[in-house]
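I have placed the structure first, in the form of structure tokens, so that the comments after it can refer back to it.
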Amino acid sequence: EPEVTQTPSHQVTQMGQEVILRCVPISNHLYFYWYRQILGQKVEFLVSFYNNEISEKSEIFDDQFSVERPDGSNFTLKIRSTKLEDSAMYFCASRAPSDSFGNSPLHFGNGTRLTVT
Amino acid sequence: SQQGEEDPQALSIQEGENATMNCSYKTSINNLQWYRQNSGRGLVHLILIRSNEREKHSGRLRVTLDTSKKSSSLLITASRAADTASYFCATVRSNDYKLSFGAGTTVTVRA
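Protein chains in written order, with this note's numbering: chain F, 1 to 117; chain C, 118 to 228.
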């Protein structure tokens, strides 16, 4: 079964550094997402992406964050200047088109654990 | 406002017993989904129930949805040690189709 893959599985970076988290969504999916989960807490929506542009973003997704789909397969999340509180698991997800918008499940990758020191 | 709040926060049961967890939400939804997360892993989609459906089954899973009470339940029958995980409900809102997760229920199945 096709799956969403994320690299790296663990990234350690110093505060103020830039990080790029990479994701390869399922190939025929058209909707892409980033979520994050701070240890022991709920899964929080960051951003959704469709048709090569951001369709929605949360208040967490400030100017330090950006997303890109540089080619037909990769979907990246960049954090320009990391802060300690950015330490979390970051999950990429993708979704196939559905009969009515929203009635198809998200497929998640296994996440990238980001540790900011 | 938060959508999808699970109850209880944690559940510990003996192998073979049933596990029931509940999810309440606040706004009108298009559908409600349940996901499982094993420790340190991604979320795995279990089941999706549309707003016009009341019950759905998938293997040992049974999901109910009561839109009048804005609540859903997930029942895992004849639990196994491998069912040990966190379970999250996620709602897709009717007005903006945004999917939001609850805080999850941590289920521990004792052998």
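Every residue, glycine too, gets a C-beta built ideally from N, C-alpha and C.
Model, not experiment: these values are computed from the prediction.
Looking at C-alpha atoms only, which residue of the options is the closest neighbour of residue i?
i	options	result
C/L128	C/N155, C/Y204 and C/Y214	C/Y204
C/L131	C/T201, C/L216 and C/L191	Correcting the residue type first, residue 131 of chain C is Gln in the shown sequence and not Leu. With distances taken between Cα atoms, C/Q131 lies closest to C/T201.
F/D62	F/A93, F/K78, F/N52 and F/G72	F/K78
C/W151	C/K143, C/L160, C/T184 and C/T144	C/L160
C/L191	C/E172, C/V209 and C/A198	C/E172
F/V12	F/W34, F/E53 and F/M89	F/M89
F/R80	F/D71, F/F91 and F/V67	F/V67
C/R166	C/A198, C/C206 and C/K143	One point to set straight first is that residue 166 of chain C is Ile, not Arg, in the sequence displayed. The shortest C-alpha separation from C/I166 is found at C/C206.
Under 8 Å Cβ-Cβ, which residues of chain C neighbour residue i?
i	result
F/G109	G159
Consider the Cβ of residue i: report whether some Cβ of chain C lies at a distance smaller than 8 Å.
i	result
F/K42	yes
F/L114	no
F/E53	no
F/F45	yes
F/E56	yes
Helix, strand or coil for residue i per DSSP?
i	result
F/L30	coil
C/N123	The sequence as given places Glu at residue 123 of chain C; Asn does not occur at that position. It is a strand residue.
C/E172	strand
C/D200	helix
F/E85	helix
C/T144	coil
F/F65	strand
C/K186	coil
F/E53	strand
F/I20	strand
F/M15	coil
Counting only C-beta atoms, is residue i closer than 8 Å to chain F at any point?
i	result
C/Q202	The residue you asked about is not Gln; residue 202 of chain C is Ala in the sequence shown. With 8 Å as the cut-off, C/A202 does not count as an interface residue toward chain F.
C/N169	no
C/A198	no
C/S141	no
C/S217	yes
C/G221	yes
C/N147	yes
C/S118	Low confidence applies to C/S118: its pLDDT is 38, below 50, so where it sits in the model is not reliable, and the reading given next is rough at best. No, C/S118 lies away from the interface with chain F (no Cβ there is under 8 Å from its Cβ).
Applying a beta-carbon distance threshold of less than 7 Å, which residues of chain C neighbour residue i?
i	result
F/E59	Going along chain C, no residue has its Cβ under 7 Å from F/E59, so there is no contact; the nearest lies around 13 Å.
Starting from residue i, find everything on chain F with Cβ-Cβ shorter than 9 Å and list it in chain order.
i	result
C/Q150	P105 and L106
C/L165	N103, S104 and P105
So which residues on chain C does residue i lean against when the C-beta distance must stay under 9 Å?
i	result
F/F91	G159 and L160
Opposite residue i in the DSSP bridges: which residues?
i	result
C/Q150	C/L165 and C/A207
C/L191	C/M138 and C/V180
C/T225	C/S129
F/F45	F/Y35
C/F218	C/A207
F/S94	F/F32 and F/H107
F/R113	F/H10 and F/M89
F/V4	Beta-bridge pairing links F/V4 to no other residue.
F/I60	Its beta-bridge partners do not exist; DSSP assigns none.
Is it the case that the CB of residue i approaches a heavy atom of the ligand COA more closely than 7 Å?
i	result
F/S73	Inclusion of the ligand COA in the displayed structure is not the case, the ligand content being empty and no account of it being possible.
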